[in-house]
Amino acid sequence: MQSAKNILQPEHRALKTAVLVLDECNTLSFASAVDPMRAANRLADRPAFDWDYVTATAEPAMLTSALQVPGIPLARLQGCDLMIVVAGFQLARHATPSLLAGLRRIAGTGATMAGIDGGPWLLAEAGLLDGHPATTHWEDLENFATRFPDVDVRPDRFTVSNGRLTSGGAIPAVEMMLHIIAARHGAGFASRVSGLFLYDGAPDPGKPQSRTGVPHRHTALTAKANSLMQASLDDPLPLAHIADQLGTSPRTLQQQFRLRLNTTPQDHYLQLRLAEARRLVTDTDLPLMDVALATGFASQSSFARAFRTAHGQSARDLRQERAHPTHH
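The opening residue of the sequence shown carries number 1060 in the numbering used here; numbering runs sequentially from there.
This is the structure we're talking about:
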């Protein structure tokens, strides 16, 4: 196996890139890999990227938006400098022996391997992330860490390692691409690419993922309180403890939440817990008692009441509805 060539260094030559697009990936994740390359090519005097679309089989990939992306079948791809694996749902179905062998073959040529959203799962299944820091979408982080004990799993927005890049989702993937562009063409050029998207966040891989998009009306104080709450959904922190951690008073925290978010810290915390409860009910097979405990409810009855009030139906009914959907 050739050692990975370092693509993260100044280089004028176009980066030969293969974008492996799998069925059931979302359009934004796909675009987040491709559009920064297109924008870089538009801004540069010479092509910064030269990319091909690659598919698992001879069939075009079908995105969740019903867009189809035709490409070169993975088995026919000779090689590349960078392979970006874009995946979303149905990962177990995609992890066929031939796909995993194809990933290992390309990695064996010394190509840098990158994964977006569900892409890191497939790289890890192929054994290509062992010993590397890696991330995936926050919904899957715990399962990911359990399934791949040899991977250094992190909750970061994106990770960069020797010959390996992973991103938790679409927007961090834009940041990951800007990171590659900055390394190859300079920070000034990368910020011009960033400006084309009106994106002004600095690509900081170590920034942890947020479970709820933090609206701009947050203040620094309420955003920090929100992060503390998200990190402790299973064992809710007392308001005084949160205020103490942030070096402020419970009264100031109450005022800030009321002023900026039109709610109380306690209500905001409860909504975060119940949003996570809804996700666990619809997206996992966890017993409802475990869902209650995972979201900080000591008893099944208090969980059932709060869930029904927030979501208009019981957790049990919602789960049954998801299991047996009625199509109109």
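No residue lacks a Cβ here, since even glycine has one placed at the ideal position from N, Cα and C.
Of the candidates Ala-1185, Ser-1373, Leu-1345 and Asp-1199, the residue whose Cα lies closest to the Cα of Ile-1165 is Ala-1185. For Leu-1159, the uninterrupted alpha helix (DSSP H) segment begins and ends at 1156 to 1167. Distance between Ser-1124 and Ala-1099, taken at the CA atoms: about 26 Å. Beyond the five residues adjoining it in sequence on each side, Asp-1082 comes within less than 6 Å, by CB distance, of Ala-1120 and Met-1121 in the same chain, given in chain order. Looking at the DSSP output, Phe-1108 shares a beta bridge with Leu-1074. In this structure Arg-1105 is exposed. Its beta-carbon is surrounded by fewer than 16 other beta-carbon atoms within 10 angstroms. In the three-state DSSP reduction, Thr-1323 falls in the coil class, being neither helix nor strand. Approximately 6 Å separates the beta-carbon atoms of Val-1080 and Gly-1130; this is inside 8 Å, confirming the contact. Look at Phe-1356 here: in three-state DSSP terms it is coil, with no helix or strand label. Taking 8 Å as the cut-off, the Cβ atoms of Ala-1302 and Pro-1309 count as close.
Relative to Ala-1092, the option among Asn-1321, Leu-1320 and Gly-1227 whose CA is nearest is Gly-1227. Rounded to the nearest whole angstrom, the C-alpha separation of Asn-1221 and Gly-1174 is 14 Å.
With respect to the C-alpha of Leu-1102, the residue from Leu-1255, Gln-1314, Arg-1338 and Thr-1311 having the closest C-alpha is Leu-1255. Setting aside the 5 residues that flank it on each side, Asp-1140 is surrounded in the same chain by Lys-1064, Ile-1066, Leu-1074, Lys-1075, Thr-1076, Ala-1170 and Thr-1171, each with a C-beta closer than 8 Å to its C-beta; the list follows chain order. Straight-line spacing of the CA atoms in Pro-1132 and Ala-1115 works out to 6 Å. One Cα belongs to Ala-1290, the other to Arg-1332, and the distance between them is close to 11 Å.
For Asp-1189, the number of other beta carbons within 10 angstroms of its own is below 16, and it is reported as exposed. At the C-beta level, Val-1144 and Leu-1181 come within 8 Å of one another. In the structure shown, Arg-1216 falls within a coil segment according to DSSP collapsed to helix, strand and coil. Look at Leu-1141 here: in three-state DSSP terms it is strand.
Between the C-alpha atoms of Gly-1355 and Pro-1069 there is a straight-line separation of about 49 Å. Here Ala-1183 is near Phe-1207, since their CB atoms are less than 8 Å apart. The alpha-carbon separation between Ser-1253 and Leu-1237 amounts to approximately 7 Å. The Cβ-Cβ distance between Phe-1316 and Thr-1307 does not fall below 8 Å.
Sequence-distant partners of Ala-1299 (beyond 5 residues in either direction) whose C-beta falls short of 7 Å from its own C-beta, in its chain, are Pro-1309.
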